[in-house]
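What follows is a short report on a single structure.
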Amino acid sequence: MAINAYVGIKVSAKEAEKILENLRSQEFVTQADAVTGSFDIIALIRAPDFHTLGEIIIKKISQIDGVLDTETFPVIEFGR
Numbered sequence: 001m002a003i004n005a006y007v008g009i010k011v012s013a014k015e016a017e018k019i020l021e022n023l024r025s026q027e028f029v030t031q032a033d034a035v036t037g038s039f040d041i042i043a044l045i046r047a048p049d050f051h052t053l054g055e056i057i058i059k060k061i062s063q064i065d066g067v068l069d070t071e072t073f074p075v076i077e078f079g080r
């Protein structure tokens with residue numbers, strides 16, 4: 001069963017637009033939006049399992065230049 005998770009991402013202000021475009025081009029990103037508040041970007045990620053979700057966050061999202069911090073919120077009930 002696939003896993004969905006929202007990822008709050010804090011980024012360097014000067015890199016925000018570039019990071020948002022990068023995220024939107026990734027196959028594992030369902031949606032990515034610039035927001036106000038504690039995070040600069042919120043991305044909805046879809047992965048086949050929790051292990052892969054962790055790999056995506058640690059090895060892909062966190063490694064993008066300008067990404068300062070992430071916080072992951074796994075979805076327990078996905079609405080429509």
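Quick note on UniProt numbering: the sequence shown kicks off at 1 and runs consecutively.
All C-beta atoms in this analysis are idealised placements derived from N, C-alpha and C, irrespective of residue type, glycine included.
Note that the coordinates shown come from a computational prediction; the quantities given were computed from them, not determined experimentally.
Using a 10 angstroms sphere on the CB of Leu23, the tally of other CB atoms reaches 16 or more, which defines it as buried. In the three-state reduction of the DSSP assignment, Ala47 falls in the strand class, which pools E and B. Under the DSSP assignment, Ile19 falls in the alpha helix (DSSP H) whose first and last residues are 16–24. Excluding five sequence positions before and after Phe78, the CB atoms of its chain that fall closer than 7 angstroms to its own CB belong to Asn4, given in chain order.
With respect to the 9 angstroms criterion, Phe39 and Gly8 are classified as neighbours on the basis of their beta carbons.
The three-state secondary structure of Gly54, taken from DSSP, is helix.
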